[in-house]
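K.L.:
Residue numbers for the sequence shown follow my numbering, so the first one is -12 and each next one is one higher.
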Amino acid sequence: MPTVFWNAGEKEVIRGLDILGLRKMDQDLEKGWVSGITTISQRARYLSLLPWVLMEYYTLCGIDSGKAHAPDWEEFHDIERRLELVVLAATQMTDRQLGRRTGGLLGSDLFGGEMDLLANGSVVSLKLDRGGATYGTYVVPCRTIGLVGHDAIEGKWEAPKITPRGRRMHAIRCQNLGESPVVRRILEGGSIDVESIAQHAAQFSAGALDQPDSQEERELLEKVLLTPEEDQDTETYSRFLATVRFALSSIQAGFGSSSAALAEHYARVTTPGCQSADCALAWAAYEMHRRVHFSLELLLGALTTWKPAPSCGRAPSSASVLWPNLPSGHTAAPCRS
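1. If contact is defined by three or more beta carbon pairs under 8 Å, each pair taking one atom from either stretch, is the stretch 222 to 231 in contact with the stretch 9 to 27?
2. To the nearest angstrom, how far is the alpha carbon of Ile24 from that of Val170?
3. Within a Cβ cutoff of 8 Å, which residues of the same chain sit near Trp144, ignoring the five residues on either side of it in sequence?
4. Smallest Cα separation from Gly99: which of Arg117, Gln84, Gly86, Arg88?
5. Take Leu356 as the anchor and find which of Gly86, Ser95, Ile66, Gln84 has the nearest alpha-carbon.
6. Just to confirm, are Gly73 and Phe233 a CB contact at a threshold of 8 Å?
7. Check each candidate in Leu93, Gln262, Trp39, Asp218 and name the one with the smallest Cα separation from Leu174.
8. Can you grab the Cα-Cα spacing for the pair Arg255 / Leu283, in whole Å?
9. So is Val211 buried or exposed if we call it buried at 16+ other beta carbons inside 10 Å?
10. Please work out which residues of its chain come closer than 8 Å, Cβ to Cβ, to Asp197, disregarding the five sequence neighbours upstream and downstream, and give them in chain order.
11. Looking at C-alpha atoms only, which residue of Leu16, Gly153, Ala77 is the closest neighbour of Tyr45?
12. Check Ala146 in the structure and name its three-state DSSP category.
13. Is it the case that the Cβ atoms of Ala193 and Arg88 are separated by a distance below 8 Å?
14. Label Ala250 either buried or exposed according to how many other C-beta atoms from any shown protein chain fall within 10 Å of its C-beta, with 16 as the threshold for buried.
15. Starting from Gly344, follow the beta strand (DSSP E) in both directions and report where the run begins and ends.
16. Would you say Pro128 and Leu34 are within 8 Å of each other, going by their C-beta atoms?
17. What does Ser178 pair with, by DSSP beta-bridge criteria?
18. DSSP three-state call for Val211: helix, strand or coil?
19. Measure the beta-carbon distance from Ala248 to Ser237 and round it to whole angstroms, keeping in mind my assumption that it falls under 8 Å.
20. DSSP three-state call for Asp82: helix, strand or coil?
21. So what does DSSP say about Gly123, is it helix, strand or coil?
22. Return helix, strand or coil for Asp265, following the three-state DSSP convention.
23. By the DSSP assignment, the beta strand (DSSP E) with Ala139 in it spans what residues?
24. Quick one: what does DSSP say Asn107 is sitting in, helix, strand or coil?
25. What residue does the alpha helix (DSSP H) around Asp13 start on, and which one ends it?
26. Does the Cβ-Cβ distance between Ser178 and Leu115 come in under 8 Å?
27. Measure the Cβ-Cβ separation of Lys148 and Gly133 and say whether it is below 8 Å.
28. By a C-beta neighbour count over all protein chains shown, 10 Å radius and 16 as the cutoff for buried, is Gly119 buried or exposed?
29. With a threshold of 8 Å between beta carbons, is Met12 in contact with chain D?
30. Quick check: Leu36 and Thr124, are their CB atoms within less than 8 Å of each other?
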């Protein structure tokens, strides 16, 4: 079955905006079967980076030392921006070394100028006014898999507490990074050069998590993604594993893209007499909603871009445009000169 036209041209036409508020409905359906991981949170490295950078910031605030000031959102937001620039630069370095093209990177459309300066050997200022999407993009999946808690630290921001799993992730990354000057630059700002990032590029790259340098971090990530702890919702993990099996079986069947896999899956599940498991029905329902929602967006686009002929004093009703053969009583009054 050919790939459905879902999302075709969305970057050029609606620029990713959820015009009708329907794509959030699609994402809510999706999140229940993917542990909160969606198409915008597709890089596993950020799942380990978020609890790590939160812990580093909380230490900077003095929370574990008894000399704390409450975490401040604006302070952390600046740290996020610096982290995203480092991750982007580190990923570009490892991509060149490994012959890869890693996508799904936060800030890839924001820090082009800084990347050019680093590539030319220049020092880059970390006083940034762009970016800062790591927390908003990855906090939900981090909570779902138990790296970040639902409870908050007292204060205006209500910054999330870090779970034992998140603390183990922080400890692994600290052991691998040692006394890295990059960490200080991320936390405190200043400026940075390509040599500093290169020393620990493997630890910050979103495209090198499978390399030997990151084995412990990768193994813990695999565990938190696939194995619940005692206080976690086992049903969430069961749904995620069912989705993983669905994805792997689709790849084995030759459907390498999610759109092709979902289209084929929808056609199979909706065949009369097909007996489907809960996971199969859930993803078929997801595909059905996506098709309906995109059709509504197309309809809205058609209505808002249609223009009457210059000689006509007023536009006919949308009904007469869409259904010109309806009885005259159901259409707009004819245009009179």
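Think of the CB as a built atom: it goes at the ideal place given N, C-alpha and C, for glycine as much as any other residue.
P.N.:
Concretely, from the data shown:
1. yes
2. The residue labelled residue 24 in the question sits at position 37 within the sequence shown. The residue labelled residue 170 in the question sits at position 183 within the sequence shown. Spanning the two alpha carbons is a distance of roughly 26 Å.
3. Numbered from 1 along the sequence shown, position 157 holds the residue referred to as residue 144. Only residues of its own chain outside the window of five on either side were considered, and among them Ala57, Pro58, Asp59, Trp60, Phe63 have a CB closer than 8 Å to the CB of Trp144, listed in chain order.
4. As a working mapping, residue 99 is identified with position 112 in the sequence shown. Checked all of Arg117, Gln84, Gly86, Arg88; the closest Cα to Gly99 is Arg117.
5. Residue 356 is absent from the structure shown; the chain starts at -12 and stops at 324.
6. Residue mapping note: residue 73 aligns to position 86 of the sequence shown, counting from 1. Residue mapping note: residue 233 aligns to position 246 of the sequence shown, counting from 1. For clarity, residue 73 is Val in the given sequence; the question names Gly instead. It is not a contact, given that the beta carbons lie outside the stated cut-off.
7. By 1-based counting over the sequence shown, the position of residue 174 is 187. The residue from Leu93, Gln262, Trp39, Asp218 with its alpha-carbon nearest to that of Leu174 is Trp39.
8. In the sequence shown, the residue the question calls residue 255 occupies position 268. In the sequence shown, the residue the question calls residue 283 occupies position 296. A straight-line Cα-Cα distance of about 24 Å links Arg255 and Leu283.
9. The residue given as residue 211 occupies position 224 in the sequence shown. Val211 sits buried, since 16 or more C-beta atoms from the chains shown fall within 10 Å of its C-beta.
10. As a first step, residue 197 is located in the sequence shown; it is residue number 210 there, counting from the start. For Asp197, where only same-chain residues beyond five positions count, the Cβ hits under 8 Å are Arg205.
11. On the sequence shown, residue 45 is found 58 positions in, with the first residue counted as 1. Closest by alpha carbon: Gly153.
12. Working through the sequence shown from its first residue, we reach residue 146 at position 159. In this structure, Ala146 counts as coil in the three-state DSSP scheme.
13. Within the sequence shown, the letter at position 206 stands for residue 193. Within the sequence shown, the letter at position 101 stands for residue 88. It is not a contact, given that the beta carbons lie outside the stated cut-off.
14. The residue labelled residue 250 in the question sits at position 263 within the sequence shown. Buried.
15. Any answer about residue 344 is impossible in this case: the structure gives the chain only from -12 up to 324.
16. If you number the sequence shown from 1, residue 128 lands on position 141. If you number the sequence shown from 1, residue 34 lands on position 47. Yes, these two residues count as a Cβ contact at 8 Å.
17. Position 191 of the sequence shown holds residue 178. Its beta-bridge partners are Ser112.
18. If you number the sequence shown from 1, residue 211 lands on position 224. In this structure, Val211 counts as helix in the three-state DSSP scheme.
19. The residue you call residue 248 lines up with position 261 of the sequence shown. The residue you call residue 237 lines up with position 250 of the sequence shown. Ala248 to Ser237, Cβ: 4 Å. Contact.
20. The count along the sequence shown starts at 1 and reaches residue 82 at position 95. Helix at Asp82.
21. Your numbering for residue 123 matches position 136 in the sequence shown. Note: Gly123 maps to helix in three-state DSSP.
22. Position 278 of the sequence shown, counted from the start, is the residue given in the question as residue 265. Helix, per DSSP.
23. The residue given as residue 139 occupies position 152 in the sequence shown. First-last of the beta strand (DSSP E) with Ala139: 135 to 139.
24. In the sequence shown, the residue the question calls residue 107 occupies position 120. Coil, per DSSP.
25. Taking the sequence shown and counting its residues from 1, one reaches residue 13 at position 26. Segment 10 to 18, the alpha helix (DSSP H) holding Asp13.
26. Counted from its first residue, the sequence shown places residue 178 at position 191. Counted from its first residue, the sequence shown places residue 115 at position 128. In this structure, Leu115 does not lie closer than 8 Å to Ser178 by Cβ.
27. Start at 1 with the first residue of the sequence shown, and residue 148 comes out as number 161. Start at 1 with the first residue of the sequence shown, and residue 133 comes out as number 146. No. Outside cutoff.
28. As a first step, residue 119 must be located in the sequence shown, where it is residue number 132. Gly119 counts as buried, since no fewer than 16 other beta carbons sit within 10 angstroms of its beta carbon.
29. The chain inventory of the structure shown lacks chain D, comprising one protein chain alone.
30. As a first step, residue 36 must be located in the sequence shown, where it is residue number 49. As a first step, residue 124 must be located in the sequence shown, where it is residue number 137. Taking 8 Å as the Cβ cut-off, Leu36 and Thr124 do not qualify as a contacting pair.
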